[in-house]
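A.B. asks: Encoded as structure tokens, here's the structure I'll be asking about.
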Amino acid sequence: MRSPALRHVLTHLVTPLLMCVGMGLAYMGAFVTPEPNHLPVAIVGSGAETKALAQSVKDEAGDALDVRTVPDRARAVGLLESREITGAYVPDPARPEVLVATAASDMGAMAVEKVFSPVAEAHDAPLTVTDVAKPVDDDPTGQGLFFLMIAVSIGSYASVAVLGGAGAALPMRPRALLTLGVSVVVSGIGALLAGPVFHLAHHDLAGIWGLAWLYSAGILLIGVGLHTFLKRWTTLAMMVLFVMLNFTSSGGLFRPELQNGFFGTLHAFWNGAGFVEGARSLLYFDGDGLGRTLWTLAAWLVAGLAVTAIAGAYERHRTAPASPAPHEAEEEAEEAVGV
Numbered sequence: 592m593r594s595p596a597l598r599h600v601l602t603h604l605v606t607p608l609l610m611c612v613g614m615g616l617a618y619m620g621a622f623v624t625p626e627p628n629h630l631p632v633a634i635v636g637s638g639a640e641t642k643a644l645a646q647s648v649k650d651e652a653g654d655a656l657d658v659r660t661v662p663d664r665a666r667a668v669g670l671l672e673s674r675e676i677t678g679a680y681v682p683d684p685a686r687p688e689v690l691v692a693t694a695a696s697d698m699g700a701m702a703v704e705k706v707f708s709p710v711a712e713a714h715d716a717p718l719t720v721t722d723v724a725k726p727v728d729d730d731p732t733g734q735g736l737f738f739l740m741i742a743v744s745i746g747s748y749a750s751v752a753v754l755g756g757a758g759a760a761l762p763m764r765p766r767a768l769l770t771l772g773v774s775v776v777v778s779g780i781g782a783l784l785a786g787p788v789f790h791l792a793h794h795d796l797a798g799i800w801g802l803a804w805l806y807s808a809g810i811l812l813i814g815v816g817l818h819t820f821l822k823r824w825t826t827l828a829m830m831v832l833f834v835m836l837n838f839t840s841s842g843g844l845f846r847p848e849l850q851n852g853f854f855g856t857l858h859a860f861w862n863g864a865g866f867v868e869g870a871r872s873l874l875y876f877d878g879d880g881l882g883r884t885l886w887t888l889a890a891w892l893v894a895g896l897a898v899t900a901i902a903g904a905y906e907r908h909r910t911a912p913a914s915p916a917p918h919e920a921e922e923e924a925e926e927a928v929g930v
């Protein structure tokens, strides 16, 4: 190609085109056709009739459901509150009931109701739906935490281009300290959105801020460290790690039981899932499961510190350090913010 300017433009177009492909594959693969995949449910009762009903439901659903029996309603409520099951069916000839926890997953609750409605109809009885964990009225679907995660994510990964590009003239230590400062600001914005602005968090706002800081700091440190090695490809890498794979596996819209095995597996250890599930634990489930999510977010933060430390060592020891041209730093910042 004879024109350097044209070659420069075409080279830079590779990143947005790859983003287009990646976003399409990730979002459509995760969200377009949600369906139960080993969705855990329970049927309340202990007699032979209850076991026969459970087996019948399991045989009809196949791999879509994991069906168990529990001895009483209180046990079913406990399993819902610990998010070990997505719903429970209480057989009753006159008033069959399905128990759900909308705060854990609005879509999951709808899926459970859809599963057990035909069972109730077979007995010509109306199905009563009881929600044992409702989200606040300001967030009726419980999906506000997912969009809060998106806001904190964008503030974090978009800042990486500025810190890694325009900030590359700084040594790594002050750059890392600046990165931590940015994470405090981004998480503070997240807390303001969750509390005073949209009222998603009616309590434990300090805890939501702490989760947001762990989440944001991990993303920022990983990004700033990667920028040393990837340069202008950092934006694409951040999009893959913290948008394509992250948003889709977070459980904010569909929990893993409504997704395929790939995204369900990522949900177990990806940082977006750690933030969303941790926030749910704080706000709706009395902190149940919070410890595991904290360990997940802490592991990502440690990974970020490690990547940044490695990048700092590399920058100190490379033979001919060079700062990127100002126009390159500006291009990287504009790319990230524009996405």
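Residues 592 to 930 in the numbering used here are what the sequence shown lists, from first letter to last.
Note that CB positions come from ideal geometry on N, CA and C, so glycine has one too.
1. If residue 668 and residue 723 are in contact, beta carbons under 8 Å, what's the gap, nearest whole angstrom?
2. In whole angstroms, give me the CA-to-CA distance for residue 783 and residue 739.
3. Pick helix, strand or coil for residue 677, following the three-state DSSP scheme.
4. For residue 719, does the count of other Cβ atoms within 10 angstroms reach 16, so buried, or fall short, so exposed?
5. Consult DSSP for residue 685 and reduce its assignment to one of helix, strand or coil.
6. How many Å lie between residue 759 and residue 785 at the Cα?
7. What distance in whole Å lies between the Cβ atoms of residue 725 and residue 677, which are believed to be in contact at a cut-off of 8 Å?
8. Buried or exposed, going by whether 16 or more other CB atoms sit within 10 Å of the CB of residue 804?
9. Is it the case that the Cβ atoms of residue 604 and residue 633 are separated by a distance below 8 Å?
10. Can you check whether the CB of residue 829 is closer than 8 Å to the CB of residue 610?
11. State the beta-bridge partners of residue 634 as determined by DSSP.
12. Say whether the stretch 610 to 619 touches the stretch 655 to 665, bearing in mind that this needs 3 or more beta-carbon pairs closer than 8 Å, one atom from each stretch.
13. Helix, strand or coil, according to DSSP, for residue 722 in the structure here?
14. Going by other Cβ atoms of all chains shown within 10 Å of its Cβ, with 16 needed for buried, is residue 750 buried or exposed?
15. Hey, how far is the Cα of residue 713 from the Cα of residue 630?
16. Going by DSSP in three states, residue 691 sits in which element: helix, strand or coil?
17. How many whole angstroms separate the CB atoms of residue 766 and residue 691, which I take to be in contact at a CB cut-off of 8 Å?
18. Have a look at residue 929 and residue 704 and give me their C-alpha separation to the nearest angstrom.
C.D. replies: Walking through what the data contain:
1. In this structure residue 668 touches residue 723 by the C-beta definition: roughly 5 Å separates them, less than 8 Å.
2. Straight-line measurement puts the Cα of residue 739 at about 10 Å from the Cα of residue 783.
3. Three-state DSSP puts residue 677 in coil, outside helix and strand.
4. Residue environment: residue 719 is assigned as exposed (fewer than 16 neighbouring CB atoms within 10 Å of its CB, all protein chains considered).
5. DSSP places residue 685 in the coil class of the three-state scheme, outside both helix and strand.
6. If I take the Cα positions, the gap works out to 33 Å.
7. The pair is not a contact, with the Cβ atoms about 15 Å apart (cut-off 8 Å).
8. By the beta-carbon neighbour count (other beta carbons within 10 angstroms, threshold 16), residue 804 is buried.
9. Contact flag unset, no.
10. Taking 8 Å as the Cβ cut-off, residue 610 and residue 829 do not qualify as a contacting pair.
11. 660 and 680.
12. Touching, no.
13. Residue state, collapsed to three classes: strand.
14. Looking at its Cβ environment, which holds 16 or more other Cβ atoms inside 10 Å, residue 750 is buried.
15. When rounded, the distance between both Cα atoms is 22 Å.
16. In this structure, residue 691 counts as strand in the three-state DSSP scheme.
17. Incorrect: roughly 47 Å between the Cβ atoms, too far for contact.
18. Unreliable placement is indicated for residue 929, whose pLDDT of 47 sits below 50; no coordinate value is reported for it.
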